[in-house]
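*Asks:* Okay, so the sequence shown: first residue is 1071 according to the working numbering, each after it adds one. Take this structure, written in structure tokens, and hold onto it; I'll ask about it next.
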Amino acid sequence: MTVTAPYIRSAAALVAAVPGVAVHLTLPDQSVIAGDSDDATMCGHTFRSLVIDQFLDGSGLDHATLTIPNADHITGLISNGRTGKAAARWFVSPLPAPMTVETLREAGHTKAPLQALVRADADLGVSVVAVRDQSGASTPTELDDAAVAASAACVVAHLLATAGLSSSPTGTTHPNR
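Put into structure tokens, the structure is as follows:
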């Protein structure tokens, strides 16, 4: 399976921003484990730099594999495994941070007591989002549902933006002019 540029950029942003995350990149001539792992060959920030320097456009990844063991295989979310106020779910938004913040506010999936924290990664062209419950009252399923809905809103906003469409306050779409 070919590792795509968006996938490796997302993995690099996550491993550099999210505590406890590890990524495994296997290339034909080498294997790299980065982040929080006993057998890591580099830290998450070094992996991020490697991606920026060598793989930003996806070149050289035709026969590579990339896994993020911490990611939920159904939702794609990263969970810190905690409950209550410390619980959080992370995902990568393909939008720049200002557009991610605007999209999350308009979508309304992270209203109080939920909170979305957005970290820009302009070099990778993405934003890392943490969704957490400030009150600690949400169940893990409720937190997952909110994070999945927030992630989906960001993906839809990205698709609309890249297709030359944008979302208006009324929820309709129209071509950018």
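We treat Cβ as the ideally placed atom computed from N, Cα and C, and that holds for glycine. The structure presented is a predicted model; accordingly, all values stated were derived computationally and were not measured.
Out of curiosity, what's the CA-to-CA distance linking residue 1192 and residue 1134?
*Replies:* 24 Å
*Asks:* What beta strand (DSSP E) runs, 3 residues minimum, are completely inside the region 1130-1207?
*Replies:* Complete beta strand (DSSP E) runs here, min 3: 1135-1137, 1158-1163, 1184-1191 and 1196-1203.
*Asks:* Are residue 1180 and residue 1201 closer than 7 Å when you measure CB to CB?
*Replies:* yes
*Asks:* Can you tell me whether DSSP reads residue 1079 as helix, strand or coil?
*Replies:* Residue 1079 falls in the helix class under three-state DSSP.
*Asks:* For the pair the region 1117-1127 and the region 1135-1143, tell me if three or more CB-CB distances fall below 8 Å.
*Replies:* Because the criterion of three Cβ pairs below 8 Å is not met, the region 1117-1127 and the region 1135-1143 do not touch.
*Asks:* Which of the three DSSP states is assigned to residue 1126 in this structure?
*Replies:* coil
*Asks:* Within the chosen definition, does the region 1154-1169 reach the region 1210-1224 through at least 3 CB pairs nearer than 8 Å?
*Replies:* When C-beta atoms of the region 1154-1169 are compared with those of the region 1210-1224, three or more pairs fall below 8 Å, so the two segments count as touching.
*Asks:* Have a look at 1155, 1188, 1130 and 1169 and flag the residue whose alpha-carbon is nearest the alpha-carbon of residue 1203.
*Replies:* For residue 1203, the closest C-alpha among the options 1155, 1188, 1130 and 1169 is that of 1155.
*Asks:* At the level of alpha carbons, what is the spacing between residue 1101 and residue 1125?
*Replies:* The straight-line gap from Cα to Cα measures roughly 15 Å.
*Asks:* In three-state DSSP terms, what is residue 1114?
*Replies:* When DSSP states are grouped into helix, strand and coil, residue 1114 belongs to the helix group.
*Asks:* How far does the alpha helix (DSSP H) with residue 1227 in it reach, from first residue to last?
*Replies:* 1210-1232
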